[in-house]
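Reading through the structure tokens given below for one structure.
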Amino acid sequence: MSVAGRCDTALGWATDRDAWVSRGIRILLCAGALLFFTGPLLVIFSGAFDDNHDPTQLSVIPNSPSLNNFVVAGENKIWHYLFNSLVIAGGALLLQLLVSVFAAYALARKKFRGQAIALLTILTTMMLPEEVIAIPLSLVIGDLPLVHVSLKGTFLGVILPLGAWGFSIFVMTEFMKEIPLELEEAAKVDGAGELRVFAQIILPLCRPALGVIAVFGFNMIWEQYLLPLIVAADPSDYTLTVALLTLRSDDQVGPGIVLAGALLALVPSLLVYLSLQKSFLRGITTGAIKG
Amino acid sequence: MTAVHPLSDTQDVGSTASGGGAVETHPVRRRRRRRLTGATLVPWFFLLPAFLLFLTFKFIPMAEGIRLSLFEVRPFLGDIFVGFANYARILGDERFRDAIWHTLVLAAGQTFGAMLIGFFLALLLEGHARSLWFVRSAVFLPVVAATAVIGEIWRLLYYPAPEGFVNTALSHIGLGPLEFIGSPDQALVSVMVVGIWKHAPYDMVLIIAGLVSIDRTQYEAAAIDGATTWQRIRHVTLPALRPVITILLTLAAIRGLRVFTEVYVLTGGGPAGSTDVWMTRVFTTAFEQSEIGIASAGSVMLFLITFLMTLVVQLYRRAREAR
């Protein structure tokens, strides 16, 4: 067993094949961790496809496989809730990306009076999460200032409050700062206008950062619970995640149907995570460690 | 996980803010700048969408919340100014005081629990092997699943009969059966376990990033000195991880104070109010008892506490970095 090999990790896990005791222990512990952290999610999968009405019969493999749960869940408007969720996620994410890219362009590529105040303002919003302002926010959404329009029960009522997010603005700003100024100046010499520089020079170079803020934004939007709950004027306005609670409180509905709904709410986040995993992990580590 | 970022970004802003604040000091040039030419308006044009949304959905609600917290809100009848009476009502309300206690216990338990498990996971899963990468990705899944989904599945897993899923698992190691969220004595801990389960893999990712950045020669030096694994962890690894751990602990603690969804979905604050936290209490006060004034006062108090905590942590970190 070489010294170098054992210094690979903090615990000094052996990497050579002869150290079968150490390897065995590690494999067992990994299996335990896998079971603990993915087991409950596997139960969602198996429960959703299991035609069983008894909450004591949950397992990792379906006992009697069937699609019946989705049929019954469909009768309980599950597809309608999924549609609500997807419209809100799509709309809010698109708006969030646009707003962030716009704001970041000003903050990263321009020097202007009041820049410090602009940054401080955005920073302050990050200390005002939905939970803290939920009660007055529900009143504001019911009667928008100046225009006096009510967004209660509309998609916009959920989309607009999520449209600007300090975190994505800052991530985007940091990234845009790295783009060399010469590129922009060259384009301006060639007579390109402000919007053209923005759209044709800066934006295409930001693709990696767009991936990061898209995956974080999607997660943040899909995670929303309190906001869709207070915006809804009627249970039919609920997003899928909020509707799970209504579904559960119905006595006629068994665990399998709730799990079918839970599965539909789980799959989009899994797909986004698995397809943009690198962006996601990079965002976490740079976002938090830098501070 | 969204909550992780406010603090981290503070730092970036601090550096840019000082850079942005140092605009031209020459009086003549400054006067010329003040004229609203097209060029000076361009940045504000790009910032307009963000600021319009922030104003409408963050700052106006915040101001409105502070205003309402000083009133007895009576829809259609007109509000009555009551000064700080709403705050006094909250501080005198036993359910709110219980909620403070539950919130603190839950926040502390989840924060330290997730950190501890995340640390062990990181030690276990550090390494370059493809199989380890696979295990890490799989273990991370609870972080991306929506809290509402997690709440629904754990409610079913926690089924209180001896045949329930978790009880069956516990019986294999000679424990249980437990009632979990059905019993006032076990509900808070049960909610805490779900929170740890969801947040530990997040901590793991950051701790692994910290572990990877530790200089390997330090381990080699420790090995040559004949240090045991425990001594190596204690004297090399942990000191190197201190900055990461500090950030994670403070962010998680601040996030923990505004916990809502986990509790609302799992127990709704019950049974018998045993898991009622600050935000579920505020929510009930506002939307079930229609006491908007009192609920607003509760929100303002939560904001002040998280704001102060953020500020203290920031100042402390600045001071330490300056040293």
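If you read the sequences in order, they're chains A and B.
Using the working numbering, the letters of the first sequence correspond one by one to residues 1072 to 1362.
Using the working numbering, the letters of the second sequence correspond one by one to residues 90 to 412.
We put the CB at the ideal spot given by N, CA and C, even for glycine.
Range covered by the alpha helix (DSSP H) that runs through residue i
i: P1111 (chain A); result: 1091-1119
i: N1139 (chain A); result: 1139-1146
i: V283 (chain B); result: 276-301
i: P1200 (chain A); result: From DSSP, P1200 (chain A) is part of no alpha helix (DSSP H); its letter is neither H nor E.
i: A1174 (chain A); result: 1149-1180
i: L144 (chain B); result: That residue, L144 (chain B), is in no alpha helix (DSSP H); it is neither H nor E in DSSP.
i: I1328 (chain A); result: 1326-1346
i: D182 (chain B); result: Note, D182 (chain B): premise wrong, no alpha helix (DSSP H); not H, not E.
i: F392 (chain B); result: 381-411
i: A312 (chain B); result: 305-313
i: W319 (chain B); result: 318-321
i: R347 (chain B); result: Taken as a continuous stretch (DSSP letters only), R347 (chain B) belongs to no alpha helix (DSSP H), as it is neither H nor E.
i: A361 (chain B); result: Counting along the chain, A361 (chain B) falls outside any alpha helix (DSSP H), and DSSP gives it neither H nor E.
i: F1183 (chain A); result: Counting along the chain, F1183 (chain A) falls outside any alpha helix (DSSP H), and DSSP gives it neither H nor E.
i: T373 (chain B); result: 367-376
Residues bridged to residue i [DSSP beta-bridge criterion]
i: I169 (chain B); result: B:E161
i: P1136 (chain A); result: A:D1121
Residue-chain proximity (residue i, chain B), Cβ-Cβ < 8 Å
i: M1072 (chain A); result: With a pLDDT of only 42 at M1072 (chain A), under 50, the local geometry of the prediction cannot be trusted, and the value read off the model is given with reservation. No, no contact with chain B.
i: N1290 (chain A); result: yes
i: C1277 (chain A); result: no
i: Q1323 (chain A); result: no
i: S1340 (chain A); result: yes
i: W1084 (chain A); result: yes
i: D1122 (chain A); result: no
Buried or exposed (CB count within 10 angstroms, at least 16 for buried), residue i
i: Y308 (chain B); result: buried
i: P1216 (chain A); result: exposed
i: Y1176 (chain A); result: buried
i: P95 (chain B); result: Residue placement at P95 (chain B) is flagged as unreliable, the pLDDT there being 37, under the threshold of 50; the coordinate-derived value follows with that caveat. Label assigned to P95 (chain B): buried.
i: A1160 (chain A); result: buried
i: T1080 (chain A); result: buried
i: W1293 (chain A); result: buried
i: D1308 (chain A); result: buried
i: S388 (chain B); result: buried
i: A218 (chain B); result: exposed
i: P1279 (chain A); result: exposed
i: W222 (chain B); result: exposed
i: K147 (chain B); result: buried
i: E1201 (chain A); result: buried
i: V1313 (chain A); result: buried
i: F208 (chain B); result: buried
i: A1304 (chain A); result: exposed
i: V333 (chain B); result: buried
i: A177 (chain B); result: exposed
i: N1134 (chain A); result: exposed
i: T317 (chain B); result: exposed
i: S1137 (chain A); result: exposed
Chain A within 8 Å of residue i, Cβ atoms only
i: L404 (chain B); result: no
i: V238 (chain B); result: yes
i: R323 (chain B); result: no
i: M368 (chain B); result: yes
i: T129 (chain B); result: yes
i: F170 (chain B); result: no
i: I381 (chain B); result: yes
i: S272 (chain B); result: no
i: M398 (chain B); result: no
i: F185 (chain B); result: no
i: R305 (chain B); result: yes
i: G284 (chain B); result: no
i: A298 (chain B); result: yes
i: F201 (chain B); result: no
i: P266 (chain B); result: no
i: L350 (chain B); result: The residue you asked about is not Leu; residue 350 (chain B) is Thr in the sequence shown. Closer than 8 Å to some Cβ of chain A, the Cβ of T350 (chain B) qualifies, so yes.
i: V228 (chain B); result: yes
Near the ligand MG: residue i beta-carbon under 7 Å from a heavy atom
i: A386 (chain B); result: Among the ligands in the structure shown, none appear at all, so the ligand MG cannot be discussed.
Beta-carbon neighbours of residue i, restricted to chain D and to distances below 7 Å
i: G1213 (chain A); result: Here the protein chains are A and B, and chain D is not one of them.
Subject >> 4-residue-minimum alpha helix (DSSP H) runs that sit fully inside the region 221-259 of chain B, ordered along the chain >> reply: The qualifying runs are 230-233, 236-246.
**OP:** Mind listing, in chain order, the continuous alpha helix (DSSP H) runs of no fewer than 4 residues lying wholly within the region 1231-1314 of chain A?
**Re:** Taken in chain order, the complete alpha helix (DSSP H) segments of 4 or more residues contained in the region 1231-1314 of chain A are 1237-1248, 1252-1260, 1278-1294, 1297-1302.
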